[in-house]
Amino acid sequence: MKASPEQLPSTTVREANAGDVPAILALYQQLVPDAEATPPEEACGLWTLIDSDPGRTVLVVEHAGRVIATGEIHIRAALTRGGGHHATLDNVVVDQAYRGRGIGRQLMGDLVHRAEAAGCFRTQLSADSESAGHFYERLGFRHLARTYKIYAPGHRGA
Ligand SMILES: CC(C)(COP(=O)(O)OP(=O)(O)OC[C@H]1O[C@@H](n2cnc3c(N)ncnc32)[C@H](O)[C@@H]1OP(=O)(O)O)[C@@H](O)C(=O)NCCC(=O)NCCS
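Residue numbers (my numbering): 10 to 167.
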């Protein structure tokens, strides 16, 4: 992916740690504004589960000591296509105060690089809005499949 000329200077993409969880939860409120907030006491245990999954990596983008974006990659082994690995990207969100400045492109570049470095034959994601779809297409993703979802009773989704 090309570097964006709009890129905010002095940003760092790094793997998230437990101390980032409150900032990540705040970003998720922007991702799904009408969703119920995850209680902090539950978030700690959930983070331990996520962090102990060897195929799963949550990244954050930091600027001036502040977490301004997050996204994650899940790499899975596959028996299809001759055997190998494939990746799914999820929960990509940039703080609304920092959008349109190349942060999303920078974060996605790191996620896709990790998939390529792991030898994934495919990297896929699901866009929950037309606008997000335009963003992903701008980065080279192609709209190839339909996504079907079913939510448990009491849960809403896009
Ligand atoms: C979608 C999102 C992650 C984009 O992040 P961003 O930092 O604003 O994006 P960038 O500034 O890095 O943009 C990268 C490229 O995508 C384009 N782009 C970004 N958002 C776009 C949109 N909504 N429609 C069309 N193009 C878009 C930019 O113009 C830019 O193109 P260029 O560099 O080739 O000129 C951000 O808007 C966001 O967090 N939205 C809310 C959460 C969300 O929808 N996440 C996706 C969940 S499926």
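Glycine is no exception: its CB is placed at the ideal position from the N, C-alpha and C atoms. The structure presented is a predicted model; accordingly, all values stated were derived computationally and were not measured.
Given a threshold of 16 other Cβ atoms within 10 Å of its Cβ, counted over all protein chains shown, does residue i qualify as buried or as exposed?
| i | result |
| --- | --- |
| alanine 78 | buried |
| glycine 205 | In this structure the chain extends from 10 to 167, so residue 205 is not present and cannot be described. |
| glutamine 105 | exposed |
| aspartate 189 | Lying outside 10 to 167, the shown extent of the chain, residue 189 is not represented and no answer is given. |
| isoleucine 84 | buried |
| aspartate 3 | This structure cannot speak to residue 3, because the chain is shown only from 10 to 167. |
| threonine 132 | buried |
| alanine 96 | buried |
| alanine 134 | According to the sequence as given, residue 134 is leucine; it is not alanine. Classification for leucine 134: buried. |
| leucine 120 | buried |
| leucine 55 | exposed |
Shorter than 7 Å from the beta carbon of residue i to some beta carbon of chain C?
| i | result |
| --- | --- |
| glutamine 39 | Note that chain C does not occur in the displayed structure, where there is just one protein chain. |
Considering only residues of the same chain and omitting the five flanking positions on each side of residue i, which have a CB-CB separation below 8 Å?
| i | result |
| --- | --- |
| alanine 46 | Leu34, Gln38 |
Provide the residue(s) that pair with residue i in DSSP beta bridges, ordered along the chain.
| i | result |
| --- | --- |
| glycine 80 | Leu68 |
| glutamine 133 | Thr97 |
| valine 102 | Thr79 |
| glutamate 24 | Leu68 |
| alanine 86 | His94 |
Leaving out five residues on either side along the sequence, give the residues of the same chain with a beta carbon under 6 Å from the beta carbon of residue i.
| i | result |
| --- | --- |
| valine 67 | Ala25, Glu81 |
| leucine 40 | Val102 |
| methionine 117 | Leu148 |
| tyrosine 145 | Ala136 |
Just to check, is the beta-carbon of residue i closer than 6 Å to a non-hydrogen atom of ligand 2?
| i | result |
| --- | --- |
| aspartate 62 | Of the ligands one can find in the structure shown, namely ligand 1, none is ligand 2. |
The stretch 53 to 63 contacting the stretch 105 to 112, beta-carbon criterion three pairs below 8 Å: no
Using the beta-carbon of each residue, find all residues closer than 6 Å to any heavy atom of ligand 1 and list them in chain order. Ser13, Leu40, Val101, Val102, Val103, Arg108, Gly109, Arg110, Gly111, Ile112, Gly113, Arg114, Ala136, Asp137, Ser138, Ser140, Ala141, His143, Phe144, Arg147
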